[in-house]
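Scroll down for the structure; my scribbles are underneath it.
Numbering (the working numbering), first residue to last: 887 to 1148.
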């Protein structure tokens, strides 16, 4: 009986995707080939598989990718104790393709990309055993103004997929945005830090005091935003805060310019 239901489920899913391809023909956002399953993802399988993943070596603390010749260990900022969060990981390496897709997600209304990106990041690090025992998954909040203008919070869409895979509840209300600061893009590392200083407030309930939380955002560049949000959660009673982002800006890009990531 179970096998019969499984076959029926596969047939129904295939029919739904086939109907979607017929009723809503769409092209892959990268290669522009016609999608066979447009309801599943805005990218074809080949382009999805071709997205740049984070591979060793990288900073053991913040996940900053290194050149292949660099020995594993901590990066300069992490050695200097500049990180408030415990560790950070990302699903993808930030390059031109990922930049275009993030712009499509945030400003082009391609909300399904958030689900895809969240799934890729969570699957990558769950397989590595690094997304375990979280009391809650928390999306980085947007200001009310940006949330209204965009119609959604891209971090929340990704966080929902992450929570489902990591087996932890999504709790967006544990962190609120208290300051409508200017975008981080185009700012120096020091300006980014001051721009988000005091921009968040944690609301960790007493029953979750001392627990480990997972913060989800789209891009990690210098870590200023993640630090500010993690600091707010720790002050509210969290025991530790880890960060998972869709993408991580590589070391050479961070040094060259802090303004390339959206």
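Glycine included, every Cβ here is placed at the ideal spot set by N, Cα and C.
Please read all numbers here as calculations on a predicted model, not as lab measurements.
Taking the continuous alpha helix (DSSP H) assigned at residue i, which residues delimit it?
i, result
"residue 1117", "1110-1121"
"residue 984", "982-993"
"residue 1079", "1075-1081"
"residue 1007", "998-1013"
"residue 1036", "1030-1036"
Would you check if the distance between the CB atom of residue i and the CB atom of residue j is smaller than 9 Å?
i, j, result
"residue 1048", "residue 1130", "yes"
"residue 1088", "residue 1120", "yes"
"residue 1082", "residue 1099", "no"
"residue 1096", "residue 1125", "yes"
"residue 1069", "residue 1025", "no"
"residue 1109", "residue 963", "yes"
"residue 979", "residue 940", "yes"
"residue 1104", "residue 944", "no"
"residue 948", "residue 974", "yes"
"residue 1086", "residue 1062", "yes"
"residue 983", "residue 937", "yes"
"residue 1132", "residue 988", "yes"
So the beta strand (DSSP E) residue i belongs to, where does it begin and stop?
i, result
"residue 1134", "1126-1134"
"residue 940", "Unbroken run through residue 940: none, as it is neither H nor E."
"residue 954", "From DSSP, residue 954 is part of no beta strand (DSSP E); its letter is neither H nor E."
"residue 1149", "With the chain covering only 887 through 1148, there is no way to say anything about residue 1149."
"residue 1061", "1061-1063"
"residue 1088", "1086-1088"
Among residues of its own chain, excluding the 5 on either side of residue i, which ones have a beta-carbon nearer than 7 Å to its beta-carbon?
i, result
"residue 1051", "1005, 1008, 1009 and 1012"
"residue 1090", "1060, 1119, 1122, 1123 and 1124"
"residue 908", "For residue 908, the predicted model reports a pLDDT of 40, less than 50, meaning its position is unreliable and no value from the coordinates is stated."
"residue 1000", "991, 1040, 1043 and 1044"
"residue 986", "none"
"residue 981", "938"
Use the C-beta contact count for residue i: other C-beta atoms within 10 angstroms, 16 or more gives buried, fewer gives exposed.
i, result
"residue 1078", "buried"
"residue 950", "buried"
"residue 922", "exposed"
"residue 954", "exposed"
"residue 1035", "exposed"
"residue 961", "buried"
"residue 1151", "Given a span of 887 to 1148 for the chain in the structure shown, any question on residue 1151 remains unanswerable."
"residue 1027", "buried"
"residue 920", "exposed"
"residue 1064", "exposed"
"residue 917", "exposed"
"residue 967", "exposed"
"residue 1092", "exposed"
"residue 977", "buried"
"residue 1114", "buried"
Excluding the 5 residues preceding and the 5 following residue i in the sequence, name in chain order all residues of the same chain whose CB lies nearer than 6 Å to its CB.
i, result
"residue 1055", "1022"
"residue 1094", "1021"
"residue 1116", "970, 971 and 1127"
"residue 996", "928 and 990"
"residue 853", "Lying before the first or after the last residue shown, residue 853 is absent from the chain, which here runs from 887 to 1148."
Would you list the one or two residues that DSSP bridges to residue i?
i, result
"residue 945", "959"
"residue 1056", "1023"
"residue 1069", "DSSP output for residue 1069 lists no bridge partner at all."
"residue 913", "920"
"residue 1098", "1126"
"residue 1105", "1133"
Note down, in chain order, each residue of its chain lying with its Cβ closer than 8 Å to the Cβ of residue i, except the 5 sequence neighbours on either side.
i, result
"residue 957", "943"
"residue 935", "none"
"residue 1031", "1066"
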